[in-house]
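K.L.:
Number of protein chains: 6
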Amino acid sequence: MVCQRPGDRRPDEMRPVRFEPHFTRSAFGSVLACCGETQVLCTAIVLDEVPPFLEGTGRGWLTAEYRMLPGATPGRHKREWQKLSGRTQEIQRLIGRSLRASLDLSALGPRTIYIDADVLQADAGTRTTSITGGYIALALAVRRLLEAGKLENSPLLKPVAAVSVGAIADNLLLDLDYREDSTADVDFNVVMNGDLQLIEVQGTAENGSFSRPQLERMLDLAQAGITMLLAAQAAALTAA
Amino acid sequence: MVCQRPGDRRPDEMRPVRFEPHFTRSAFGSVLACCGETQVLCTAIVLDEVPPFLEGTGRGWLTAEYRMLPGATPGRHKREWQKLSGRTQEIQRLIGRSLRASLDLSALGPRTIYIDADVLQADAGTRTTSITGGYIALALAVRRLLEAGKLENSPLLKPVAAVSVGAIADNLLLDLDYREDSTADVDFNVVMNGDLQLIEVQGTAENGSFSRPQLERMLDLAQAGITMLLAAQAAALTAA
Amino acid sequence: MVCQRPGDRRPDEMRPVRFEPHFTRSAFGSVLACCGETQVLCTAIVLDEVPPFLEGTGRGWLTAEYRMLPGATPGRHKREWQKLSGRTQEIQRLIGRSLRASLDLSALGPRTIYIDADVLQADAGTRTTSITGGYIALALAVRRLLEAGKLENSPLLKPVAAVSVGAIADNLLLDLDYREDSTADVDFNVVMNGDLQLIEVQGTAENGSFSRPQLERMLDLAQAGITMLLAAQAAALTAA
Amino acid sequence: MVCQRPGDRRPDEMRPVRFEPHFTRSAFGSVLACCGETQVLCTAIVLDEVPPFLEGTGRGWLTAEYRMLPGATPGRHKREWQKLSGRTQEIQRLIGRSLRASLDLSALGPRTIYIDADVLQADAGTRTTSITGGYIALALAVRRLLEAGKLENSPLLKPVAAVSVGAIADNLLLDLDYREDSTADVDFNVVMNGDLQLIEVQGTAENGSFSRPQLERMLDLAQAGITMLLAAQAAALTAA
Amino acid sequence: MVCQRPGDRRPDEMRPVRFEPHFTRSAFGSVLACCGETQVLCTAIVLDEVPPFLEGTGRGWLTAEYRMLPGATPGRHKREWQKLSGRTQEIQRLIGRSLRASLDLSALGPRTIYIDADVLQADAGTRTTSITGGYIALALAVRRLLEAGKLENSPLLKPVAAVSVGAIADNLLLDLDYREDSTADVDFNVVMNGDLQLIEVQGTAENGSFSRPQLERMLDLAQAGITMLLAAQAAALTAA
Amino acid sequence: MVCQRPGDRRPDEMRPVRFEPHFTRSAFGSVLACCGETQVLCTAIVLDEVPPFLEGTGRGWLTAEYRMLPGATPGRHKREWQKLSGRTQEIQRLIGRSLRASLDLSALGPRTIYIDADVLQADAGTRTTSITGGYIALALAVRRLLEAGKLENSPLLKPVAAVSVGAIADNLLLDLDYREDSTADVDFNVVMNGDLQLIEVQGTAENGSFSRPQLERMLDLAQAGITMLLAAQAAALTAA
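Chains as they are written, first to last, in our numbering: chain A, 1151 to 1390; chain B, 1151 to 1390; chain C, 1151 to 1390; chain D, 1151 to 1390; chain E, 1151 to 1390; chain F, 1151 to 1390.
Rendered as structure tokens:
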């Protein structure tokens, strides 16, 4: 079986990516990150406080919250507020872990950076777009701290970006959209840093199982996509 | 005491208003409504369901949710969950009541229109901007129902718009920004329809009390502001 | 259309009002406030604590809670306890704001006065009866603090009282009972102080809209009702 | 050690008991039940519904809710919400079980009687006063169902009443007030029916332990108190 | 009517009792307590903290939590986690009170002992098995504190054990299993200490009422069962 | 750096594994699964119900709950209630997904299998032990359905087992214990089926990043461990 993607997209082709830095001005850093039809507003806010387990250590922290706005899907996505779904919690923990990997928390000092990723429109890939966009908001917030003289040296280590890969029958596809994602047999999310080293790998057989060689090829695809995203991130930050 | 407004704004002058219809495409109707630095994403989604008290009546319903995103204020506005604050509940009930006043719920049929007003950036006037923008999202959603043949006649009665007025000492000011709002002695929110009839009046003395003549003059200011907003709404809907 | 009120009550006539001060003895101040069939137990308790935002300022606070007991309505009003309804929150915020307007919070010192308004029987007007009765409980609590030597001067500024007005078709009616309230087109709640200055105005068109002249006449009715309530409050406090 | 009770009350003497039937009119049955300074408003409301485990059986149910109003104690009793304390749940389960023992649930038919016991003032004995007063509210509600022709025969079996007994050192005391209760070594609550048969016995050593002979004497005291309460109940119901 | 018990058990005969001390090693004390088919894992953990009302007094505390695992009953017992049922709260309060009666809380010092009773399999008598097993876990934890030199003298006063008794028609039966328990007319739980003095008595007529002589005979049965359980406890602790 | 493991365990050596099938009898299937000091009680219960999204499809479902008992860790693990931690939710979603991969849900018919994994003692590897043990409980429950004639053919496809691998500096270690796990730089959890095909791969750099070759070697280690666990599972099921 060969898989025809919308708009004749090739299996190893990303959707169009667009970043609008400074989309809002009240947060320390913000970006509207768009990947195809997926739109995520990422903001970074820095507060002079640390979680209890870091008090007195001089180290800082980064934490993330992820939500989907009700209007993000045609059928109205109900707000989660009595409790968070497992999916939401998994995603925001992943965003936080991934972005912490880009930071020297000692160099940050006793501050917490809050990354908020609010999905305005969802067409799959919201968690990976949140990571890639979240890094831009983070870098803009760090820039502001440096400009304000609150930090002397940047605590940023290396950029971080993420992408999804999926298998539909025998087809391995980069950067699934919603229609593809909902029929995928295997779902892979990969986070890498600016050296293309791995930060996180999550692969799940939604249907059946997968082999070691398939895993290898999916990682190859992810690496190609992340290479492109890192370049787009850098361009957006230079222009901002 | 005479009050100098930022940017030499006159006491009876609105901040610049901007509406971006179709900001997202997944909702039935959407608009990014901006009033000065205040940015609210309003979406309207229509579902074929009604609340229990309307079942079997053939009538429809409109309900609203209002939230402020964490990045909307410099100090990070914590998401409300587990329970909503009284302020949030008051605001979303006000938005819902005001927009229902623009609808013939029998002509809507057994549907519910969900208006979601998510504040991306907050510089006061978020509830009134949500009402004014919410009407645009609502009108776009109705247009889509008409175009899809799901409705034969529009259930829209008259447009609805809202504005705030405040008193700082003896100065009565239209459309307060955050800095003005936080020092106001009296806080007034007024909702009117396209005939400039009153839908809702809420006036609170935050400090001291106010007289009947002051109330009169604040209503005059509100009427002038709403006249301008109704024109901007109409222009945005024509262009969309 | 002319509206016939139960018991031949005139449009501008209040229901019989009755206050039983010291209904319970454990609270600092208490009153059973009855307006027609509506019965509200208002208590005031003073604790030597202030909310976090007032710590170290020397100023005090007043806060209110409002609840309807299950037996207050024939169909059993379910207790709110997992979360408060928007209506309940609006009401208790209104009671708190209104009664704070009667207090010099600096003169109160670092104390919090808790006003609890528990509706034993509900026949409309429960929020306004809570405000009017709440002032009596508050004044009795202040008297007790003065008698105990905990305060040298009374922090009370002016009494506060509240009443509802409604429009049913063209009829404007003072102090609606439940049957009237449930058919009203416009619902107005007005809070005034002892000088008949406005503290709060809340007017909502439940059905249609209302004009500026109607608003004027409803405020006139409210002022007449509040004048009578202020006299009854004063009499109850003198006798207590 | 000999224990001097306030007002020279004898060890086997109840506090003054007072019942005000029909305290509110909206519930099917209501009574303000006072035992010394303890005041409990008991209401009974009947709804045509049964809990799921009784659906289709033709049998009815009785359930109880118990709450203490904030003004019931000098230090302000915080409202329980989000979760009920274990103490509150134990008490309302006890009230429900005890009053169900007075009812033939088959003769009641597919209805639920809701007993609400709201403590307006607390001076110990609130759970036993709730049971004794709850029976009066229940009997008044049944009378109203009979008068309205909704029941042909009364489902009431026998009246039910309750009292507390305590041990302070070697003194066994009937009907403790708050000051006595807070120093008691053993706390006993006894529920009996009109034949003085036992419905419920709950005895707890708060401090140390107690012997079988002590238990016997506490049951004797309880029986004397309940005999008196049953007479007062009957008188109140005759007069109502 | 004569009641035939499973396995020809006599009315005054306990089910087989088995204690496996040190079932887990991470807790300070642990035991798998089995009574017939009922299996409860009891653990005791000691932390250097006290509840707020004991701060600064030098006294310690003991508190208990009780839960039934989902697999404990054939129909799957849903975990309680949004709120605890009244039954669960009653049981864990009873376990806590009963075990505190075995401790000199001053001699314990500023520590809290947490008793966790997790029911792995439920065949009635879970609360009494939790108390009897809980005492073993408690005694093992105290032994460990003594061995570690954290306590010089044991704060244990007397052992505590508990058993249930029930009435089915005229038959009084010791230590009911689930099938018996679900048809019992009267349900009695009795807690005694090593001197066979009473700590707690809870008797409930689930159906009808009971007389004073019946109460006496049920207490006799309970005393016989508890005598046996105290011996089994002592043997397990000697062997551990 | 070379890493010395407790008890001279080799880097590619599992801890001792022990399965006690039928540990409780009330559940359809149960096993006490022990891996080193980690002890997990896994039960499987089958109910004739399906979640709403499967109603009318004839297909069944499997879902899992995971909890750690308070006594499982020396410092007392507080029960999660009101809301589950993100970690707990991730784990129980992983257990559910992994075990569903071993089932033909159509062949199961309209039933839900509930897997409950309650950790009695935690020494790392609780999620993987829950999966490996959960499969045994599942297989025993299926056996019981077959024996009872409720299923004609087994819906089991292939067994499923899981293991953790970690990197500490340059050392790659199979099946970490708690002390190792808390210092690991990379944490890997791998789930495979009886054909050693991949079901789930989750790898996280807790500190730094990891390379593709490291990922390969960790998967090799995991495969060796899972091979051994599949054999132990089969032996336990044969003996049960």
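Cβ coordinates follow ideal geometry from the N, Cα and C atoms, glycine included.
Give a yes or no on whether 9 Å exceeds the smallest Cβ distance from B/Val1123 to chain C.
P.N.:
In the structure as shown, chain B starts at 1151 and stops at 1390, and residue 1123 of chain B therefore has no counterpart that could be examined.
K.L.:
Over what stretch of residues does the alpha helix (DSSP H) that includes B/Thr1279 continue unbroken?
P.N.:
Counting from one through the second sequence, the residue named residue 1279 of chain B turns up at place 129. B/Thr1279 -> alpha helix (DSSP H) spans Thr1276 to Glu1297.
K.L.:
For B/Ala1311, would you say it is in contact with chain C, using Cβ-to-Cβ distances shorter than 9 Å as the test?
P.N.:
Counting from one through the second sequence, the residue named residue 1311 of chain B turns up at place 161. Chain C has no Cβ within less than 9 Å of the Cβ of B/Ala1311.
K.L.:
Helix, strand or coil for D/Asp1162, going by three-state DSSP, please let me know.
P.N.:
As a first step, residue 1162 of chain D must be located in the fourth sequence, where it is residue number 12. If DSSP states are grouped into helix, strand and coil, D/Asp1162 belongs with coil.
K.L.:
Can you give me the Cβ contacts of C/Pro1166 inside the same chain, cut-off strictly under 7 Å, excluding the 5 residues immediately before and after it?
P.N.:
If you number the third sequence from 1, residue 1166 of chain C lands on position 16. Within the same chain, C/Pro1166 has close Cβ partners Gly1186.
K.L.:
Does the Cβ of E/Asp1327 have 16 or more other Cβ atoms within 10 Å, making it buried, or fewer, making it exposed?
P.N.:
In the fifth sequence, counting from the first residue as 1, residue 1327 of chain E sits at position 177. Buried.
K.L.:
Run through DSSP, which three-state label would A/Thr1238 get?
P.N.:
Locating residue 1238 of chain A in the first sequence gives position 88, where the first residue counts as 1. A/Thr1238: helix per DSSP, three-state reduction.
K.L.:
Can the beta-carbon of F/Phe1169 be found closer than 9 Å to that of F/Ile1286?
P.N.:
Taking the sixth sequence and counting its residues from 1, one reaches residue 1169 of chain F at position 19. Taking the sixth sequence and counting its residues from 1, one reaches residue 1286 of chain F at position 136. Their beta carbons are under 9 Å apart, which means F/Phe1169 touches F/Ile1286 by this criterion.
K.L.:
Name the residues in the stretch 1241-1262 of chain F whose C-beta lies less than 8 Å from a C-beta of chain A; which are they?
P.N.:
Hits within the stretch, in order: Gln1242, Arg1243, Arg1247 and Ala1251.
K.L.:
What residues match up with A/Leu1369 in a beta bridge as DSSP calls it?
P.N.:
Counting from one through the first sequence, the residue named residue 1369 of chain A turns up at place 219. None; A/Leu1369 has no bridge partner.
K.L.:
Going by DSSP in three states, F/Glu1302 sits in which element: helix, strand or coil?
P.N.:
Taking the first residue of the sixth sequence as 1, we reach residue 1302 of chain F at position 152. If DSSP states are grouped into helix, strand and coil, F/Glu1302 belongs with coil.
K.L.:
Within 10 angstroms of its Cβ, does E/Phe1173 collect 16 or more other Cβ (buried), or is it exposed?
P.N.:
On the fifth sequence, position 23 is the one that residue 1173 of chain E refers to. When all chains shown are included, E/Phe1173 counts as buried.
K.L.:
Taking the beta carbon of D/Phe1097 as the centre, do at least 16 other beta carbons fall within 10 Å, making it buried, or is it exposed?
P.N.:
The requested residue 1097 of chain D is not part of the displayed model; chain D covers only 1151 to 1390.
K.L.:
Could you name the residues that DSSP lists as bridge partners for D/Pro1171?
P.N.:
The residue given as residue 1171 of chain D occupies position 21 in the fourth sequence. Paired residues: D/Val1181.
K.L.:
For B/Ser1248, which of helix, strand or coil comes out of DSSP?
P.N.:
Locating residue 1248 of chain B in the second sequence gives position 98, counting from the first residue. The answer is helix: DSSP assigns B/Ser1248 an H, G or I state.
K.L.:
Measuring alpha carbon to alpha carbon, tell me which residue in D/Gly1157, D/Gln1154 and D/Asp1162 is nearest D/Asp1370.
P.N.:
Translated into the one-based positions of the fourth sequence, residue 1370 of chain D becomes position 220. It is D/Asp1162 whose Cα lies nearest to the Cα of D/Asp1370.
K.L.:
Given a cut-off of 9 Å on the beta-carbon distance, is the pair B/Gly1221 and A/Ile1195 in contact?
P.N.:
Translated into positions along the second sequence, residue 1221 of chain B becomes position 71. Translated into positions along the first sequence, residue 1195 of chain A becomes position 45. Going by C-beta atoms, B/Gly1221 is nearer than 9 Å to A/Ile1195.
K.L.:
Between the C-alpha atoms of D/Leu1244 and F/Ala1267, what's the straight-line distance to the nearest angstrom?
P.N.:
Taking the fourth sequence and counting its residues from 1, the one referred to as residue 1244 of chain D is at position 94. Taking the sixth sequence and counting its residues from 1, the one referred to as residue 1267 of chain F is at position 117. Each residue's alpha carbon lies about 35 Å from the other.
K.L.:
Is there a Cβ of chain D sitting closer than 9 Å to that of C/Gln1239, yes or no?
P.N.:
The residue given as residue 1239 of chain C occupies position 89 in the third sequence. Not closer than 9 Å to any Cβ of chain D, the Cβ of C/Gln1239 fails to qualify, so no.
K.L.:
By Cβ distance, which residues of its chain are closer than 6 Å to E/Gln1352, with the 5 residues on each side in sequence left out?
P.N.:
Taking the first residue of the fifth sequence as 1, we reach residue 1352 of chain E at position 202. Cβ within range, chain order: Asn1339.
K.L.:
For F/Cys1192, tell me which candidate among F/Ile1265, F/Gln1383 and F/Asn1357 has the shortest Cα-Cα distance.
P.N.:
For the purposes of this step, residue 1192 of chain F is taken as the residue at position 42 of the sixth sequence. Distances from the alpha-carbon of F/Cys1192 to those of F/Ile1265, F/Gln1383 and F/Asn1357 put F/Ile1265 closest.
K.L.:
Starting from B/Arg1367, find everything on chain C with Cβ-Cβ shorter than 7 Å and list it in chain order.
P.N.:
One-based indexing of the second sequence puts residue 1367 of chain B at position 217. Ordered by position in chain C, no residue passes the 7 Å Cβ test against B/Arg1367, which lies about 12 Å from the chain.
K.L.:
What does E/Trp1095 pair with, by DSSP beta-bridge criteria?
P.N.:
Outside the modelled stretch of chain E, which goes from 1151 to 1390, sits residue 1095 of chain E, for which no answer is possible.
K.L.:
To the nearest angstrom, how far is it from the Cα of E/Arg1261 to the Cα of E/Thr1213?
P.N.:
What you label residue 1261 of chain E is simply residue 111 of the fifth sequence in a count that begins at 1. What you label residue 1213 of chain E is simply residue 63 of the fifth sequence in a count that begins at 1. Cα to Cα, E/Arg1261 sits roughly 11 Å from E/Thr1213.
K.L.:
With DSSP as the reference, label D/Ala1384 as helix, strand or coil.
P.N.:
Mapped onto the fourth sequence, residue 1384 of chain D falls at position 234. D/Ala1384 falls in the helix class under three-state DSSP.
K.L.:
Go to C/Arg1329, then tell me how far its alpha helix (DSSP H) extends in each direction, as first and last residue.
P.N.:
For the purposes of this step, residue 1329 of chain C is taken as residue 179 along the third sequence, with counting starting at 1. Element bounds for C/Arg1329: Tyr1328 to Asp1331.
K.L.:
Would you tell me roughly how many angstroms separate the C-alpha atoms of E/Ile1349 and E/Val1341, rounded to the nearest one?
P.N.:
Against the fifth sequence, residue 1349 of chain E aligns to sequence position 199. Against the fifth sequence, residue 1341 of chain E aligns to sequence position 191. Here the alpha carbon of E/Ile1349 sits roughly 5 Å from the alpha carbon of E/Val1341.
K.L.:
Quick one: residues in its chain with C-beta nearer than 6 Å to the C-beta of A/Ile1376, no 5 flanking neighbours on either side, listed in chain order?
P.N.:
Walking along the first sequence from the start, residue 1376 of chain A turns up at place 226. Result list for A/Ile1376: Ala1311, Val1313 and Met1342, in chain order.
K.L.:
Give every residue of the same chain whose Cβ lies closer than 7 Å to the Cβ of A/Ile1318, excluding the five residues on either side of it in the sequence, and list them in chain order.
P.N.:
Along the first sequence, one-based indexing puts residue 1318 of chain A at 168. The answer, listed in chain order, is Cys1153, Glu1330, Thr1333, Ala1334 and Asp1335.
K.L.:
So the candidates are A/Thr1223, A/Leu1307, A/Gly1157 and A/Ile1281; which of them puts its Cα closest to the Cα of A/Leu1379?
P.N.:
By 1-based counting over the first sequence, the position of residue 1379 of chain A is 229. Measuring from the Cα of A/Leu1379, the nearest candidate turns out to be A/Ile1281.
K.L.:
At a Cβ cut of 9 Å, what residues of the stretch 1205-1220 of chain D count as close to chain C, listed as they run along the chain?
P.N.:
Glu1215, Arg1217, Leu1219 and Pro1220
K.L.:
Give me, in chain order, the residues of the same chain whose beta-carbon lies closer than 7 Å to that of F/Gly1344; leave out the 5 immediate sequence neighbours on both sides.
P.N.:
Looking up residue 1344 of chain F in the sixth sequence gives position 194. The answer, listed in chain order, is Lys1308, Pro1309 and Leu1380.
K.L.:
Where does B/Gly1221 fall in DSSP's three states?
P.N.:
On the second sequence, position 71 is the one that residue 1221 of chain B refers to. DSSP places B/Gly1221 in helix when its eight states are reduced to three.
K.L.:
How would you write the range of the beta strand (DSSP E) that C/Leu1348 sits in, first residue to last?
P.N.:
Position 198 of the third sequence, counted from the start, is the residue given in the question as residue 1348 of chain C. C/Leu1348 -> beta strand (DSSP E) spans Leu1348 to Ala1355.
K.L.:
Let me check one thing: in DSSP terms, what residues is F/Asp1337 bridge-paired to?
P.N.:
Residue mapping note: residue 1337 of chain F aligns to position 187 of the sixth sequence, counting from 1. Beta-bridge pairing links F/Asp1337 to F/Gly1316 and F/Thr1354.
K.L.:
For D/Thr1238 and C/Pro1156, I'd like the C-alpha separation in whole angstroms.
P.N.:
As a first step, residue 1238 of chain D is located in the fourth sequence; it is residue number 88 there, counting from the start. As a first step, residue 1156 of chain C is located in the third sequence; it is residue number 6 there, counting from the start. A direct Cα-Cα distance of roughly 41 Å separates D/Thr1238 from C/Pro1156.
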